[in-house]
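Reading through the structure tokens given below for one structure.
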Amino acid sequence: MSELERSLLRRLRDRDERAFRELLELHRDRVYNITFRMLGNRAEAEDVAQEVFISVFKTIDQFREESKFSTWLYRVAVNHCKNRIKYRARRYDRAHEELDEMSHQANGAVVGAPARAAQPDRALEGAQLERLLQEAISNLDDDHRIVVVLRDVEDLSIEEICDITGLPDGTVKSRLHRARLALRKKLQRHV
Amino acid sequence: MTEEPGQEAEPIADEILAAVSDYLDGALPADRRAEVAGKIAHEPAWKRAHDELASTRDALSGLQKARAPESFDKEVTGTIHRRSAGRFFGRRTFGDRVPFGVLLAIAIVILLPIAYVMWTSMTGSLKREPEREPPGELRGSQSLVPKPP
């Protein structure tokens, strides 16, 4: 850990607002990108990213400096995303049950259901490809999504992903293989 | 990677995909890496696995980096201020930074001499009341009063 980072942490522990603003400046875009890629929704990503920084600020005394600060920060971000995904799933289940009870109508448009992937006839570019990729990521299992976002989108090392997720090397690699396989299948016609 | 319509590509074995995935991650030891590189160069299934995984990975790493909105910092600090009623930020008080035990020891060291001074002082409020003799006849007072004839 650099002296600059150590000094920033010291000031954060002293609840220095300027230090907190520096922390935001350094990490907000990356944290936001992780939450956005994990959740696939800008408003939710912003909400969760805010909670990440508030948690970090509240629990900064618990950071033991055994890992890089960014590793700890991303761990907090990943945990918040996992919690949000679980919360969303519960809410979706409840909404789904309510719908079933109310009408038994199979109209196809279910509250909270992931958007169906577009199936264009030709390869998409720009914004469309971006949307397609995001949908493919969003349709992965949570465990697979985490590793693929951290490795292939954020370009973190396998070692760092192990530190963030608390998973052994072999598990991270196998999840990464499976995630890439699933993505490859979904994107085969477009990428 | 685009296939001709109606033409199904042969599925690639999982072991090949796993090895190529590790190869792309640079996670293979030197000898194994050379072996995989050789297979990618010469065997069509390996080459296809490599091309497909590489293009998928490139597409993912090429995703636009989402940037936090302009108002992000303001909203986060605003939320912290609101939730803590303005007490969250600001340097910690002296009591937060110095352990309670140290503060207690310092207080004892300062208060003991003060208490001692007050104890020994004639005017100090902590001075104990001296023991009083029980009220009675004053010694020698009898000699001052003339005896009746």
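Sequences listed follow chains B and A, in order. Its first residue numbered 1, the first sequence is counted upward by one per residue in our numbering. Its first residue numbered 1001, the second sequence is counted upward by one per residue in our numbering. Glycine included, every Cβ here is placed at the ideal spot set by N, Cα and C. Remember, predicted model here, so these are calculated numbers, not experimental data.
I'd like the list of long-range same chain contacts for residue i, defined as Cβ closer than 8 Å, with 5 residues on each side in sequence excluded.
i                  : result
Val1020 of chain A : Val1036, Ile1040, Trp1046, Ala1049, His1050, Leu1053
Tyr1023 of chain A : Arg1033, Val1036, Ala1037, Ile1040, His1050
Gln188 of chain B  : none
Can you find the residues in the same chain that come closer than 6 Å, C-beta to C-beta, to residue i, ignoring five residues on each side of it along the sequence?
i                  : result
Ala1059 of chain A : none
Arg11 of chain B   : Ala19
When you compare only the Cα positions, how much space is there between residue i and residue j?
i                  : j                  : result
Glu1043 of chain A : Ser1055 of chain A : 18 Å
His144 of chain B  : Asp1014 of chain A : 16 Å
Asp61 of chain B   : Lys185 of chain B  : 44 Å
Leu167 of chain B  : Ile1108 of chain A : 52 Å
Leu183 of chain B  : Thr1077 of chain A : 38 Å
Leu8 of chain B    : Pro1069 of chain A : 24 Å
Leu129 of chain B  : Arg64 of chain B   : 41 Å
Trp1206 of chain A : Ala1105 of chain A : No statement about residue 1206 of chain A is possible, as the shown extent of chain A runs from 1001 to 1149 and does not include it.
Gly1038 of chain A : Ser67 of chain B   : 38 Å
Leu1017 of chain A : Cys162 of chain B  : 21 Å
Ile1080 of chain A : Asp14 of chain B   : 15 Å
Leu1028 of chain A : Pro1099 of chain A : 51 Å
Glu46 of chain B   : Gly1101 of chain A : 43 Å
Leu1112 of chain A : Arg6 of chain B    : 41 Å
Asn83 of chain B   : Val48 of chain B   : 10 Å
Ala127 of chain B  : Glu44 of chain B   : 20 Å
Ala89 of chain B   : Leu132 of chain B  : 22 Å
Asp16 of chain B   : Leu24 of chain B   : 13 Å
Could you tell me which chain A residues have their CB closer than 9 Å to the CB of residue i, listed as they occur along the chain?
i                 : result
Asp155 of chain B : Ser1061
Val148 of chain B : Leu1060
If the cut is a Cβ gap below 8 Å, which residues of chain A does residue i touch?
i                 : result
Phe161 of chain B : Reading off the sequence shown, one finds Ile at residue 161 of chain B, where the question assumed Phe. Under the 8 Å cutoff, chain A gives no residues; its nearest Cβ is about 10 Å from Ile161 of chain B.
Leu133 of chain B : Ala1059, Leu1060, Leu1063
Arg21 of chain B  : Asp1073, Thr1077
In chain A, which residues lie with their C-beta within 7 Å of the C-beta of residue i?
i                 : result
Phe36 of chain B  : Ala1066
Asn33 of chain B  : Lys1065, Ala1066
Asp152 of chain B : Arg1057, Leu1060, Ser1061
Leaving out the 5 sequence neighbours to the left and right, which residues in its chain are closer than 7 Å to residue i when beta-carbon positions are compared?
i                  : result
Tyr1116 of chain A : none
Glu22 of chain B   : Leu8
Leu156 of chain B  : Leu150
Lys86 of chain B   : none
Residue i touches chain B at which residues, Cβ-Cβ below 7 Å?
i                  : result
Ile1080 of chain A : Ile54, Phe57
Ser1025 of chain A : Just to set this straight, residue 1025 of chain A is Asp in the shown sequence, not Ser. Residues of chain B passing the Cβ test: Ile158.
Leu1017 of chain A : His177, Leu181
Identify the contact partners of residue i in chain B, using a Cβ-Cβ distance below 8 Å as the criterion.
i                  : result
Leu1103 of chain A : Per Cβ cutoff of 8 Å: no residues; Leu1103 of chain A is ~18 Å from chain B at best.
Phe1072 of chain A : Leu24, Arg28, Tyr32, Glu46, Ala49, Gln50
Leu1053 of chain A : Arg180, Arg184
Length-filtered (4 minimum) alpha helix (DSSP H) runs lying within the region 1021-1081 of chain A: 1030-1042, 1044-1061
Kindly confirm or deny that the region 71-78 of chain B and the region 18-34 of chain B touch, where touching means at least three C-beta pairs closer than 8 Å. yes
Indicate whether the contact test is met: 3 or more Cβ pairs, each with one atom in the region 177-187 of chain B and one in the region 144-162 of chain B, closer than 8 Å. yes
Flag this pair as touching only if the region 37-47 of chain B and the region 129-138 of chain B have three or more C-beta atom pairs under 8 Å; answer yes or no. yes
Which runs of the alpha helix (DSSP H) fall wholly inside the region 17-74 of chain B and span at least 4 residues, in chain order? 17-39, 42-58
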